[in-house]
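Visitor: Got a structure for you, written out below as structure tokens; questions coming shortly.
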Ligand code: HEC
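What follows is the structure, given as structure tokens:
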């Protein structure tokens, strides 16, 4: 588009409007140094530098970063108090961070996500219920002869290596579970080796890790 004239904008001094926009952008940048820093950081991690690409459609040179919000009041990363007039959105529907909604996650046990999940202890029983139980059943007794019982199973009571190997790679009608992470595999294998009277003993995530790709 030609920056100095715009036929679709008759009656508007386009050059003056562009100069005005440039001034406003510069003043936004001066007033929001912390947001600028955070936006620069975000550009290293997010596609388009923002959580959703349309956030770049706003006229500001970078997205404003928010420190906190309550009701219609927003405090940005540079400490400015702003009133949210986005009348079709959160601010108008129920306000930012309504007290009961904000309190709810605090009352829930923290759901481990991504990095935290790797560090958090994994419940082997839960992994078993989600991944193995359909075939091997809650009692571990399976549905012989198609799905063998794990109760007293030579694999679940024998050397850990064979148990880890079969779970990683699968065998015949049993699918491979290499898609689970080391901690999840260690937890579920340990669960099988120490439940229903089995005496195989627990395995560690390191043991699983060292057998991957072998
Ligand atoms: C889709 C059904 C299915 C699922 C799900 C399944 N298995 Fe299996 N599993 C089998 C079958 C079939 C065998 C017998 C394989 C063979 O020897 O031919 C088996 C055998 C085993 C054995 C050896 C038992 C023995 O003593 O011979 C172990 C241990 C085992 N599975 C562990 C697991 C674990 C751990 C999971 C979940 C992470 C799991 N299985 C999920 C079908 C399944």
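Numbering (my numbering), first residue to last: 1036 to 1249.
Built from N, CA and C at the ideal position, the CB exists for glycine as well.
On a predicted model such as this, the values are computed, not experimentally measured, just so you know.
Could you check where the beta strand (DSSP E) with residue 1245 kicks off and where it finishes?
Guide: Unbroken run through residue 1245 is the alpha helix (DSSP H), 1240 to 1246; no beta strand (DSSP E).
Visitor: Identify the residues that DSSP records as bridge partners of residue 1209: which are they?
Guide: BP columns for residue 1209 point to 1206.
Visitor: Which stretch, first to last residue, makes up the alpha helix (DSSP H) that contains residue 1217?
Guide: Residue 1217 -> alpha helix (DSSP H) spans 1217 to 1229.
Visitor: Classify residue 1235 as buried or exposed, calling it buried when 16 or more other Cβ atoms lie within 10 Å of its own Cβ.
Guide: Buried: at least 16 other Cβ atoms inside 10 Å.
Visitor: With DSSP run on the structure shown, which of helix, strand or coil describes residue 1082?
Guide: Correct three-state label for residue 1082: helix.
Visitor: On the three-state DSSP scale, how would you describe residue 1129?
Guide: In this structure, residue 1129 counts as coil in the three-state DSSP scheme.
Visitor: If we call anything under 8 Å between Cβ atoms a contact, is residue 1132 one with residue 1104?
Guide: In this structure, residue 1104 lies closer than 8 Å to residue 1132 by Cβ.
Visitor: Do residue 1218 and residue 1203 have their beta-carbon atoms positioned less than 8 Å apart in this structure?
Guide: Their beta carbons are not under 8 Å apart, which means residue 1203 does not touch residue 1218 by this criterion.
Visitor: Using alpha carbons as the reference points, say which of 1161, 1229, 1052 and 1182 lies closest to residue 1193.
Guide: Out of 1161, 1229, 1052 and 1182, 1229 has the C-alpha closest to the C-alpha of residue 1193.
Visitor: Go ahead and label residue 1087 buried or exposed: buried means 16 or more other beta carbons lie within 10 angstroms of its beta carbon, across all protein chains shown.
Guide: Residue 1087 comes out exposed.
Visitor: Tell whether a beta-carbon distance below 8 Å holds between residue 1195 and residue 1242.
Guide: For residue 1195 and residue 1242, yes; Cβs fall inside 8 Å.
Visitor: Give the DSSP-derived three-state secondary structure of residue 1037 in the structure shown.
Guide: With a pLDDT of 45 at residue 1037, under the threshold of 50, the modelled position of this residue cannot be trusted; read the value that follows with caution. Of the three classes helix, strand and coil, the one that applies to residue 1037 here is coil, per DSSP.
Visitor: Determine the direct distance from the alpha carbon of residue 1162 to that of residue 1156, and round the result to whole angstroms.
Guide: So the alpha carbons of these two residues sit roughly 12 Å apart.
Visitor: Taking DSSP's pairing of strands, which residues face residue 1182 in a bridge?
Guide: According to DSSP, which records beta bridges pairwise, residue 1182 is partnered with 1178.
Visitor: Taking the alpha carbon of residue 1187 as the reference point, which residue from 1172, 1216 and 1232 has its own alpha carbon closest?
Guide: It is 1232 whose Cα lies nearest to the Cα of residue 1187.
Visitor: Report buried or exposed for residue 1059, applying the criterion of at least 16 other Cβ atoms within 10 angstroms of its Cβ.
Guide: When all chains shown are included, residue 1059 counts as exposed.
Visitor: Residue range of the alpha helix (DSSP H) that residue 1101 falls in?
Guide: It is not in any alpha helix (DSSP H) - residue 1101 instead sits in the beta strand (DSSP E) that spans 1101 to 1105.
Visitor: Tell me whether residue 1109 sits in a helix, a strand or coil according to DSSP, three-state version.
Guide: Three-state result, residue 1109: strand.
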